[in-house]
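**Q** Quick one: the structure is below, questions incoming.
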Amino acid sequence: MLSGHTKPINTLKLSADGIRLMSGGNDCKIIIWNHQAQKSLLDLECGGSLSPFIIFGCVDSSIHVYQWENKRDYAFVMKILAYTSAVQDLAFIPTHNRLMSVGDSQLIVWSLSLHGMLTQIIATSPWDSVACSVCFLKSSVSMLVSFLQSHEVLIYDLDPWKIRGYYVLPTRIGYTAIGCMGWMLLISNLTTGIDVYDLPPTKPIWMFYHVIHKNMPLLVTLALGDMVAIAGSDDGTIHVFDQRTGSLMTTLHHAAIGTLV
1108 MLSGHTKPIN TLKLSADGIR LMSGGNDCKI IIWNHQAQKS LLDLECGGSL
1158 SPFIIFGCVD SSIHVYQWEN KRDYAFVMKI LAYTSAVQDL AFIPTHNRLM
1208 SVGDSQLIVW SLSLHGMLTQ IIATSPWDSV ACSVCFLKSS VSMLVSFLQS
1258 HEVLIYDLDP WKIRGYYVLP TRIGYTAIGC MGWMLLISNL TTGIDVYDLP
1308 PTKPIWMFYH VIHKNMPLLV TLALGDMVAI AGSDDGTIHV FDQRTGSLMT
1358 TLHHAAIGTL V
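When you line the sequence shown up against our numbering, it's residues 1108 to 1368, in that order.
Right, dumping it as C-alpha cells:
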C-alpha cells in the first residue's frame, strides 16, 4: 500500500522497467514512487512525463514543466495556461520534442526547447465533441485524438500537418493507449472494459473485460515493454492484464469500494 495523496488519484503511469510509478491526484500533487521498495522518490506540487523533464496538466488549465537538475532533483521551469478549463490529456514524443495537449475540445501542439520552454506551434479549432485522449503512434510522426461522446478517432500527420484518417468506432471512448509496439489501440469503453483495435481502427479484435459501474472514462496504460495493460476502475481497484492474451493477471485493491482510480 502506497500512502501519500490526501484526495482521490486521477492518473497512474508505470515506467518501462516496472520500478517507478507516477501518480497524480485531486490534492494537486504528483508523486513518483519506487513501488517495489514501497516508498516515494519525489513529490511535486501543482501551483511532466519524460526524462529529463516531467510535464503535467492541471484542472486549472495549466501545464507545468520541471527539469532534472544536478542528478538529484527536479526544478520548476515554467507554467502556462493552455485552456480555460482542465487539461484532459498530454502526450510527448522525444524524437521531435513535441508535446500534444487536449482541453476545451481543442488540440494544441507545443515545441519543447532543451531548456524546458513550451512554444505553441499548432492549435485546432474547437470540436463539438469532447476530446478526451491523445497519443503518438509508432511512427512518431502521427498522432491520434479520440472523442468521448461521438465515438470518433482522428489521426494527424505531424509534418506536414494534415488529417491522415477519420474513424467512427462502435463504442464510446474514454482514455486510450498504444500497444504492441505501436500496432494496436487500447480504448477504455466506459461500460465493459478495454477494447483492443488494430491500427487503423475499425472494429475491436478482442477485449480485456472488467465491469465499469458508473459509465466513467477510465485510464489505461501499458508497461513492461507493452506486455502488460493496466486499467483504472470506479470500484477502488486496479486491473492488470496480459496484453498478449487478454487474460487478467491480478487485481490490486487500491482504495475503498466506489472510489475512482
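C-beta atoms are modelled at their ideal positions from N, C-alpha and C, and glycine is treated no differently. Remember, it's a predicted structure, so these values are computed and weren't measured experimentally.
Is the beta carbon of residue 1114 closer than 8 Å to that of residue 1134?
**A** Yes; because the gap between Cβ atoms is below 8 Å, this pair is in contact.
**Q** The beta strand (DSSP E) with residue 1240 in it runs from where to where?
**A** That run of the beta strand (DSSP E) goes 1238-1243.
**Q** Out of 1203, 1221, 1222 and 1233, state which residue places its alpha-carbon closest to the alpha-carbon of residue 1215.
**A** When each option's Cα is compared against that of residue 1215, the closest is 1233.
**Q** Does the Cβ of residue 1200 have 16 or more other Cβ atoms within 10 Å, making it buried, or fewer, making it exposed?
**A** That one is buried.
**Q** For residue 1289, name the three-state secondary structure that DSSP assigns.
**A** It is helical.
**Q** Checking the sheet assignment: what are the DSSP bridge partners for residue 1118?
**A** Paired residues: 1131.
**Q** Distance, Cα to Cα, residue 1108 vs residue 1139?
**A** Taking the straight line from one Cα to the other gives about 14 Å.
**Q** Apply the 10 Å Cβ neighbour rule to residue 1110 and answer buried if 16 or more other Cβ atoms are within range, or exposed otherwise.
**A** Answer is exposed; the Cβ neighbour count stays below 16.
**Q** Check residue 1164 in the structure and name its three-state DSSP category.
**A** Strand, per DSSP.
**Q** Going straight from the alpha carbon of residue 1273 to that of residue 1183, what length do you get?
**A** Between residue 1273 and residue 1183, the C-alpha separation is close to 38 Å.
**Q** Quick one: any contact between the segment 1278-1288 and the segment 1240-1256, if contact means 3 or more CB pairs under 8 Å?
**A** With a cut-off of 8 Å, the segment 1240-1256 and the segment 1278-1288 count as touching, because enough Cβ pairs lie within range.
**Q** Report yes if the C-beta distance between residue 1197 and residue 1229 is below 8 Å; otherwise report no.
**A** Not closer than 8 Å, so no.
**Q** Rounded to the nearest angstrom, what separates residue 1155 and residue 1168 at their Cα positions?
**A** Confidence in residue 1155 is poor, its pLDDT being 40 and thus under 50, which makes the residue's placement unreliable; the coordinate value appears in the next sentence. Answer to the nearest angstrom: the Cα atoms are 15 Å apart.
**Q** Helix, strand or coil: how does DSSP classify residue 1193 here?
**A** In this structure, residue 1193 counts as coil in the three-state DSSP scheme.
**Q** The beta strand (DSSP E) with residue 1302 in it runs from where to where?
**A** Its beta strand (DSSP E) spans residues 1300-1305.
**Q** If we ignore side chains and look at the alpha-carbon of each, how far apart do residue 1157 and residue 1241 end up?
**A** Reliability fails at residue 1157, whose pLDDT of 41 lies under 50, so the model's placement of it is uncertain and the value that follows must be treated cautiously. Between residue 1157 and residue 1241, the C-alpha separation is close to 16 Å.
**Q** Mapping DSSP to helix, strand and coil, what is residue 1155?
**A** Unreliable placement is indicated for residue 1155, whose pLDDT of 40 sits below 50; the coordinate value is still reported in the next sentence. Looking at residue 1155 - three-state DSSP - the assignment turns out to be coil, as it is neither helix nor strand.
**Q** Please name the residue in 1349, 1286 and 1187 whose C-alpha comes closest to that of residue 1219.
**A** Closest option to residue 1219, Cα to Cα, is 1187.
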